[in-house]
């Protein structure tokens, strides 16, 4: 079985490389480029947000951009190098898995600008964009705790990883702030990146939380998250989406979405380069910068009471003023509440 | 953990076990007839896509089911032609089918739906929903036995009952019918069968059609019953686990049932044990809990099942002497 898998990965890489060369011809000089992470362009979540940002740039400026979906991890360095060689700048890569290949390639092309989202690469030509996911998650945690009638809510995520833990930790802090007695169930779908695609297991994880009494489930697991949201909708309970606004997926059963404005980060990177305003270094987008937040639109508005909306505004003001500091799991790899 | 927690756990185990069981029985027919089938994963994936896509386009989940069976059987026939007529390497043909499904589903899916290979969400009435068995609510009042009937036995999708029915039917076909006798013989000693004037090719084709049908149902279960849409590589290795379960089960139908249920229980228990405080030990790291199903498999495989002897002629193309 393992041999089979190895064969499959190897052959996939070869296939990938062939299509790849075909795709790479004809990159215009100095076009900005966007290379998606493993889940792919249309994951209705993180990567799709990045794509939306690039599209917004194209619409606003009338310029074109290049983008690429990778097939395997082996292509990461190769893709970066090819785009850099063709003169694309800036090259934006959303996703923390890009950190290692970017560290290698960015050194080889000191005159090309790169931007990475969700991780830090400390080089003079790289912009690292981080989000305060804990702040947005705090807000949806408040909503979840106020909506819950059973006193139990759930958090479903892909696997044990600091970034994903930061979502969960912010969510628990928000829930406890709104209701100190709330119980939060936290579960992982799998052990590696395959978990971001495993809809069926995500659904089972969601169902297990609902069966243990949860009535709001927050799913932060890329494409697989939809499985858990589906389980909540099937049971007539509530789901909370992640990254992009997923409220439209199951109207009436989506309490909110923790939006992470990856699109803004991508559009800013492209536009800054175009206008000659490029800055490297770390950029942190939090609630105050409107980089994260809880989505309220026509799909979920009927589900939110006036008190919930007031609480949302209240906590937003308190976080922005610094009265409440939401703990970041990544700062010390631990969470003060659970 | 009380009685009322056990039933949801077992329910979840059943839902985890069903696609494995269907694929495992599918592999059983194929391998018992002497054809190695690495392509279970690919057939399931292709079928899952066909079911979700056709159901989304037509609004009728049963058309989706038919499409799933059709696609899976077509893939099975490619495997049959390659390994029976052309006498190719059966492992390579199976691997090729897995690739075909992995890339093909996303490519076709994106061409039709423009959603990066995922299909639209199916509304409730375009999914194969749970069915209530007769008198479920009434019998549910009876203590102990009642909840088991009402919640565990009743309330699954028709595919679940089909999968469980496939086990005794397969055992009966394999051990009590003429077709079964010939099927077992063709996997052990095809030459003897040929000498008796029975077509080896025809029997193996029949076996692979049954494999195709069962994989088709398994795929449809994943995308239109347990889930509600297709996404890239959604089978996530279930075909390979089914193959392991088949070896574990020594190519016997009842053993296949127990093995798949064991995998199901371990997967379901794993989710519920995450973050639970154990007496004396305290909270165990989540990675350990997640590894538990695999650790147990290795232990059981190494210590308890004894030697698993495959059908003698499995993997060898049959060459008729002239």
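Protein chains in written order, with my numbering: chain A, 1 to 338; chain B, 339 to 660. Just so you know, even glycine gets a beta-carbon here, dropped at the ideal spot from N, CA and C.
Asked, Found
"Residue 448 (chain B) to residue 70 (chain A) span [Cα, whole Å]", "15 Å"
"Buried versus exposed, by CB contacts within 10 Å (16 or more), residue 358 (chain B)", "buried"
"CB contact below 8 Å: residue 177 (chain A) versus chain B", "no"
"Proximity below 8 Å, CB of residue 541 (chain B) to CB of residue 524 (chain B)", "yes"
"CB-CB length for residue 205 (chain A) against residue 609 (chain B), believed under 8 Å", "5 Å"
"Residue 60 (chain A) burial status per 10 Å Cβ neighbour count (16 or more: buried)", "exposed"
"Close Cβ partners of residue 622 (chain B) (< 7 Å) along its chain, the five nearest in sequence each way excluded", "616"
"Beta-carbon proximity list for residue 586 (chain B), same chain, < 8 Å, skipping 5 on both sides", "593, 597, 635, 638, 639, 643 and 646"
"Selection from B:382, B:591 and B:539 that minimises the alpha carbon distance to residue 425 (chain B)", "B:539"
"Short CB-CB distance (under 8 Å) between residue 382 (chain B) and chain A", "no"
"Per-residue DSSP class, three states only, for residue 480 (chain B)", "coil"
"8 Å Cβ cut-off: residues of chain B touching residue 188 (chain A)", "612, 624 and 628"
"Inter-residue spacing [alpha-carbon to alpha-carbon] between residue 100 (chain A) and residue 127 (chain A)", "15 Å"
"8 Å Cβ cutoff, residue 342 (chain A) in contact with chain B", "No answer is possible for residue 342 (chain A): it lies beyond the span of chain A, which begins at 1 and ends at 338."
"Residue 456 (chain B) - containing alpha helix (DSSP H), residue span", "Careful: residue 456 (chain B) lies outside any alpha helix (DSSP H) and carries neither H nor E."
"Integer-rounded CB distance, given that residue 443 (chain B) should sit under 8 Å from residue 383 (chain B)", "6 Å"
"Residues that residue 185 (chain A) bridges to, as DSSP identifies them", "A:154"
"Residues bridged to residue 281 (chain A) [DSSP beta-bridge criterion]", "A:127"
"Terminal residues of the beta strand (DSSP E) in which residue 572 (chain B) lies", "Note, residue 572 (chain B): premise wrong, no beta strand (DSSP E); not H, not E."
"CA-to-CA distance, residue 372 (chain B) to residue 414 (chain B), given in whole angstroms", "14 Å"
"Cβ-Cβ separation, residue 397 (chain B) to residue 580 (chain B) (assumed contact under 8 Å), whole Å", "Contact flag wrong, Cβ pair sits at about 31 Å."
"Element boundaries [beta strand (DSSP E), containing residue 218 (chain A)]", "216-220"
"Coil, strand or helix - residue 296 (chain A) by DSSP", "coil"
"Chain B contact residues for residue 41 (chain A), given Cβ-Cβ distances below 9 Å", "454"
"Helix, strand or coil at residue 351 (chain B) [DSSP, three-state]", "helix"
"Cutoff 8 Å: residue 21 (chain A) Cβ touching any chain B Cβ", "For residue 21 (chain A), the predicted model reports a pLDDT of 46, less than 50, meaning its position is unreliable and no value from the coordinates is stated."
"Cβ of residue 230 (chain A) within 8 Å of any chain B Cβ", "yes"
"Secondary structure of residue 302 (chain A), DSSP reduced to three states", "helix"
"Residues that residue 342 (chain A) contacts on chain B, provided the C-beta gap is smaller than 8 Å", "Any property of residue 342 (chain A) remains undetermined from this structure, which presents chain A solely from 1 to 338."
"C-alpha distance - residue 261 (chain A) paired with residue 284 (chain A), whole-angstrom precision", "12 Å"
"Local Cβ density within 10 Å of residue 573 (chain B), reported as buried at 16 or more and exposed below that", "buried"
"Validate contact between the stretch 177-196 of chain A and the stretch 140-147 of chain A using beta carbons, cut 8 Å, 3 pairs", "yes"
"Beta carbon proximity, residue 505 (chain B) to chain A, threshold 8 Å", "no"
"Buried versus exposed, by CB contacts within 10 Å (16 or more), residue 516 (chain B)", "exposed"
"Simplified DSSP assignment, three categories, for residue 448 (chain B)", "helix"
"Residue 339 (chain A): contacting residues in chain B (beta-carbon distance under 9 Å)", "For residue 339 (chain A) there is no data in the structure shown, the boundaries of chain A being 1 and 338."
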